[in-house]
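Asks: Here's a structure for you.
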């Protein structure tokens, strides 16, 4: 008979009436606990590669990834979970479609919006009302369009991945993301996505425009499940319940007290399930003595 993992409940105090605040508090509690489990010379210490973060939906997955990044804890993910972890990548994929088709209005909006270009909807309206190119909103839009056009003109002269890297480096995307907290992890994810686009185009024999059509599909529905961000250092795995594979991890971390999430976590974990829940519902759980004190 297979031994079931033990359960460690992390009760936290509810900080308000907002579900978003409760989720952030749960993630903070879980990330702080995991950080204390990391290597300290004890043979029972946890390696990040032995940890998986399990969630039922992309909202929670994104909160987990971003909250763990704030603690300098790396997270690797694939498919829809990856886009939940890095919503900027979803916008980046839509912007790739805009480079291929300047008439795709939704993709164009993704291309010119922050953090790629600092063009707000009001700037578009102002540029229509004022024809003077020196007018600040019109000038900003003109410069952004010039940059996008130069990238567009080069797209058939180089690999799709090179064009993707142009978009990161010649828009404000790379600079803005790098300046954020844990921005190096986000920047790494963007470049890994560019590398993935190169590999997919090469494997399928696609030119940039054909690949750009897929980019929009992926932005809307998630990257292929075969995609995962390779990490140079150990990283926790981020999984949606719907994508949980036949894998095993030493520890699984959950911030939702749902049957499906806990069932998936207990199937993935060999030793311990860490559950962060509000203090008023923590009494429902009666975990045994834990190996990780």
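In the working numbering, the protein residues as written are 48 to 340.
Just so it is clear, CB atoms sit at the ideal spot from N, CA and C, and this is done for glycine as well.
All values derive from a computational prediction rather than experimental measurement.
Exposed or buried, which one is residue 95 when buried takes at least 16 other CB atoms within 10 Å?
Replies: Answer is buried; the Cβ neighbour count reaches 16.
Asks: Would you mind giving the Cβ-Cβ distance between residue 78 and residue 120, rounded to the nearest angstrom? I have them listed as a contact below 8 Å.
Replies: Confirmed, about 6 Å.
Asks: Within 10 angstroms of its Cβ, does residue 327 collect 16 or more other Cβ (buried), or is it exposed?
Replies: Residue 327 should be labelled exposed.
Asks: Is the stretch 210 to 226 touching the stretch 95 to 107, taking contact as three or more C-beta pairs under 8 Å?
Replies: No, the stretch 210 to 226 does not touch the stretch 95 to 107.
Asks: List, from N- to C-terminal side, the beta strand (DSSP E) runs of 3 residues or more that fit wholly inside the stretch 306 to 330.
Replies: Runs of the beta strand (DSSP E) inside the stretch 306 to 330: 316 to 325.
Asks: Return the Cβ separation of residue 319 and residue 53 in integer angstroms, given the expectation that the two are a contact with Cβ distance under 8 Å.
Replies: Right, the Cβ-Cβ distance comes to about 5 Å (below 8 Å), so this counts as a contact.
Asks: Pull the bridge partners of residue 298 from the DSSP assignment, please.
Replies: Answer is 98 and 319, bridged to residue 298.
Asks: Could you give the residue range of the alpha helix (DSSP H) that holds residue 204?
Replies: It is not in any alpha helix (DSSP H) - residue 204 carries neither H nor E in the DSSP assignment.
Asks: Measure from the alpha carbon of residue 159 to the alpha carbon of each residue in 182, 135 and 176, then state which is nearest.
Replies: Answer by Cα proximity: 135.
Asks: So, do the stretch 159 to 169 and the stretch 182 to 194 have three or more beta carbon pairs nearer to each other than 8 Å?
Replies: With a cut-off of 8 Å, the stretch 182 to 194 and the stretch 159 to 169 count as touching, because enough Cβ pairs lie within range.
Asks: Quick check for students: name the residue ranges of the beta strand (DSSP E) that lie wholly in the stretch 102 to 173, counting only runs of 3 or more.
Replies: Counting only runs of 3 or more, we get 122 to 124.
Asks: Provide the residue span of the alpha helix (DSSP H) that contains residue 250, from first to last.
Replies: 230 to 251 is the span of the alpha helix (DSSP H), which, as asked, contains residue 250.
Asks: If you count every other CB in all the chains shown that lies within 10 Å of the CB of residue 170, and 16 or more means buried, which is it?
Replies: Flag for residue 170 reads buried.
Asks: Taking the continuous alpha helix (DSSP H) assigned at residue 282, which residues delimit it?
Replies: Note, residue 282: premise wrong, no alpha helix (DSSP H); not H, not E.
Asks: Taking its Cβ as the centre, do 16 or more other Cβ atoms sit within 10 Å of residue 177, making it buried, or is it exposed?
Replies: That one is exposed.
Asks: DSSP on residue 55, reduced to helix/strand/coil?
Replies: Strand at residue 55.
Asks: Can you grab the Cα-Cα spacing for the pair residue 300 / residue 258, in whole Å?
Replies: Cα to Cα, residue 300 sits roughly 36 Å from residue 258.
Asks: Report buried or exposed for residue 272, applying the criterion of at least 16 other Cβ atoms within 10 angstroms of its Cβ.
Replies: Exposed, since its Cβ has fewer than 16 Cβ neighbours within 10 Å.
Asks: What do you reckon, are the CB atoms on residue 41 and residue 98 nearer than 8 Å?
Replies: An answer regarding residue 41 cannot be provided, because it is not within the stretch 48 to 340 covered by the chain.
Asks: Rounded to a whole number of angstroms, what is the C-alpha to C-alpha distance between residue 122 and residue 263?
Replies: Each residue's alpha carbon lies about 24 Å from the other.
Asks: Let me know the secondary structure DSSP gives residue 287 once reduced to three states.
Replies: The answer is strand: DSSP assigns residue 287 an E or B state.
Asks: Here's the rule I'm using: 16 or more other beta-carbon atoms within 10 Å means buried, otherwise exposed. How should residue 225 be labelled?
Replies: Under this definition residue 225 is an exposed residue.
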